[in-house]
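A short worksheet on the structure shown next.
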Amino acid sequence: MLYRVMLVDDEEEVIQAILQKIDWEVLGFQVVGYAKNGQDALEMLETLETDVIMTDIKMPFMDGITLCKKVKEQYGNIHILIFSGFDEFEYAREAIKAEVEEYILKPTNAKELAEVFLRLKNSIDKERRESTDIQKLKEYYMESLPVMQKQYMISLIEGKLSDGQIQAYLDMYQLNLSSPFYTVAVVHANNPEMPEEGKEPLEKQLLPVSAKKYVDEKLEGKWQFESFVYFGKIVYIVMLEQSEDLSAFIDFMGRICKMTERTISVSLLAGIGQMHNQLSLLPHSYESASAAISYRGLNKGSCSVYIGEVDPNLNSTPIIDMEGVQEIIQQIKFGREKELEEAIAHFMIRLKRMELTYQQLQIVSMEVVTELYKLGGSYQLDMHKILKTGTYTFSDIEEMNTVERLEGVLRSVCFTVLSLIRKERKDSTKLLIEKAKDYIQNNYSDSECTVESVCSHLNISTCYFSTLFKREVGLTLINYMTDIRMEKAKELLKNTEDKTYVIAEKVGYAEPNYFSYVFKKKFKVSPSLYRVNGVG
């Protein structure tokens with residue numbers, strides 16, 4: 001693969017000499033373009049993939065040091081060489097600040113230049129080789145594995161993973177969570193000898209870590225589990241061989257909690273959630289374990305609270321498959337019709353397996369409607385009207401008496417919302433583009449009107465909006481602004497007696513020379529000749 005080079009120098013003969021001095025392809029490079037100043041180079045970078053920039057320092061309109069700084073800000077992966085006749089300390093210092101890789105003094109011969117590019121090629125080769133080195137990637141992967149395992153388990157208890165993702169990531173992150181039954185325990189650690197307000201931030205972080213180490217040691221060999229610290233509490237995912245093991249685990253946790261206060265002066269309170277037979281249901285066990293801790297006042301004397309004992313009616317509440325609902329919402333947002341169809345189908349399969357009662361199905365329906373209202377509201381859609389046209393409103397929730405009826409209505413409403421959001425997003429993009437155009441029309445005369453100022457006005461990232469604008473308009477944002485300014489300049493040249501430097505200022509160019517340069521570059525004629533001949 002040849003690395004792509006852009007040359008930047010205001011002297012044409014220098015560019016041509018560099019092009020002819022060395023055999024670029026033999027060294028592993030190809031020159032893909034050249035610019036006569038830093039401003040032109042930046043514009044070219046918007047559409048020209050570049051690996052290396054070789055630039056002069058002293059150039060009109062934008063010097064090489066400024067170009068280097070802007071390139072590093074906007075394109076951090078581009079390698080930069082400076083090729084200059086100025087052997088001054090200040091330039092060298094600025095070049096170091098701009099992370100320039102080589103500072104080459106003019107004049108230089110072909111051999112020296114070839115050696116510079118050979119060094120650069122070896123450096124880039126090494127950099128890319130390291131980024132794709134399988135052994136190093138494996139080592140990095142293994143080093144990162146504990147962090148990724150923790151993130152996976154957090155996503156698991158938060159209900160952010162689909163059934164497919166749960167299994168795929170289990171294998172990927174080398175976790176063994178295979179078991180007939182599961183429960184989640186949430187453990188709160190506290191030092192009774194030190195009030196919360198007296199603790200240093202580090203102490204607050206270390207307390208659950210030290211408590212986790214102690215509890216882990218007591219559980220190891222007796223129970224199969226995974227543990228991690230999450231929001232200052234210790235979370236245990238516990239695998240149970242049989243349903244009867246839950247009672248034994250509750251008692252065991254109670255004994256551990258009592259032991260810690262006597263041995264390491266740490267007070268522990270464990271909340272233990274409902275038992276389930278699927279990993280996808282762990283969010284409900286985690287939620288109920290967290291809720292169990294709040295019942296500590298009802299269970300004085302015990303430091304292990306099982307949700308089934310303090311809230312026996314919890315099991316009568318249907319387990320809402322919020323992960324399935326969120327998957328549906330996500331596919332509506334992304335506008336993916338096929339994936340939405342699959343998400344609805346999977347959600348319905350789960351509901352049918354649950355064999356919900358009539359009342360439970362109504363609760364599920366209410367949850368689905370609530371999530372759809374939230375989604376529609378974020379896009380300013382009239383959800384009441386949409387749900388009504390789908391024969392599905394809050395007033396007739398009681399009509400949702402079968403899973404099949406809910407499925408038919410849900411499919412109809414979801415695809416309607418998807419279509420409207422897609423249209424809304426398209427309209428929003430058009431509106432954003434129009435706002436940008438309006439801003440440019442109203443501010444083109446200000447030399448501070450730049451791509452950055454336009455994006456700042458719209459409160460949107462430069463990178464994202466530049467891509468969006470190019471896709472929708474067919475021009476880069478810089479080129480569009482230049483076209484507006486040049487057309488206004490043509491009008492002023494035709495219809496006024498203003499001097500060229502005055503017109504330059506009126507169309508947003510602080511430097512008259514740069515205005516003349518851009519005008520001639522675009523229309524192949526200078527502003528003064530255009531005024532005389534009226535062509536261009």
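Residue 177 in UniProt numbering is what sits at position 177 of the sequence shown, and the numbering runs on without skipping anything. Every residue gets a Cβ at the ideal spot worked out from N, C-alpha and C, and that includes glycine.
Provide the residue(s) that pair with Ile104 in DSSP beta bridges, ordered along the chain. Phe83
Below 8 Å, can you find three or more Cβ-Cβ pairs linking the segment 411-422 to the segment 326-346? yes
Buried/exposed call for Met6, threshold 16 Cβ in 10 Å: buried
In terms of residues, what are the limits of the beta strand (DSSP E) holding Thr402? Thr402 -> no beta strand (DSSP E), and no H or E assigned at all.
DSSP state of Leu7, grouped into three classes? strand
Can you tell me where the alpha helix (DSSP H) with Ala345 in it begins and where it stops? Glu337 to Met354
With 16 other Cβ atoms within 10 Å as the buried cut-off, status of Tyr3: buried
Quick one: is Ala168 buried, meaning 16 or more other Cβ sit within 10 Å of its Cβ, or exposed? exposed
Starting from Phe181, trace the beta strand (DSSP E) both ways and give me its first and last residue. Phe181 to Asn190
How is the alpha helix (DSSP H) around Thr462 delimited, first residue to last? Thr462 to Val473
Apply the 10 Å Cβ neighbour rule to Leu298 and answer buried if 16 or more other Cβ atoms are within range, or exposed otherwise. Note that Leu298 scores a pLDDT of 48, beneath 50, so its modelled location is shaky and nothing firm can be said.
Which residue marks the beginning of the alpha helix (DSSP H) containing Lys21, and which one marks its end? Glu12 to Lys21
Could you spell out where the beta strand (DSSP E) holding Leu268 opens and where it closes? Ser267 to Ile272
As an exercise, report each continuous alpha helix (DSSP H) stretch of at least 4 residues that is fully enclosed by the segment 91-161, in chain order. 110-132 and 134-157
Beta-carbon proximity list for Ser316, same chain, < 7 Å, skipping 5 on both sides: With a pLDDT of 47 at Ser316, under the threshold of 50, the modelled position of that residue is not reliable, and the figure given next carries that caveat. Answer for Ser316: no residue qualifies.
State buried or exposed for Tyr517, treating a residue as buried only when at least 16 other CB atoms are found within 10 Å of its CB. buried
Ignoring anything shorter than 4 residues, give me the alpha helix (DSSP H) runs that lie fully in the segment 482-518, in order along the chain. 500-506
Status (buried if at least 16 other CB within 10 Å, exposed otherwise) for Phe231: exposed
If I measure Cβ to Cβ from Lys522 and keep anything under 6 Å in the same chain, skipping five residues before and after, which residues do I get? Met486
When the Cα atoms are used, what is the spatial distance from Glu491 to Arg471? 29 Å
Would you list the residues sitting across from His276 in a DSSP beta bridge? Tyr182
Beta-carbon separation of Ile237 and Glu244 under 7 Å? no
Looking at the structure shown, is Leu529 part of a helix, part of a strand, or coil, going by DSSP? helix
For the pair the segment 423-440 and the segment 343-356, tell me if three or more CB-CB distances fall below 8 Å. no
Cα separation between Ala17 and Leu113? 11 Å
Element boundaries [beta strand (DSSP E), containing Phe228]: Gln224 to Tyr230
Helix, strand or coil: which one does DSSP assign to Ser304? strand
Following the continuous beta strand (DSSP E) through Lys233, name the residue where it begins and the one where it ends. Lys233 to Leu240
Backbone secondary structure at Gln30 - three-state DSSP: strand
Own chain partners of Cys303 with C-beta closer than 7 Å, once the 5 adjacent residues on each side are dropped: Gly254, Cys257, Lys258, Leu268, Leu269 and Ala270
Whose C-beta lies closer than 6 Å to the C-beta of Leu281 among residues of the same chain, with five residues either side of it excluded? none
Are the beta-carbon atoms belonging to Lys212 and Val229 less than 7 Å from one another? yes
By the DSSP assignment, the alpha helix (DSSP H) with Met1 in it spans what residues? It is not in any alpha helix (DSSP H) - Met1 carries neither H nor E in the DSSP assignment.
Sub-7 Å separation of Ser526 and Lys520 beta-carbons: yes
When you compare each of Ala185, Glu309, Cys449 and Ile166 to Leu477 by their alpha carbons, which one comes out closest? Cys449
Around the C-beta of Val26, are 16 or more other C-beta atoms found within 10 angstroms, so that it is buried, or is it exposed? exposed
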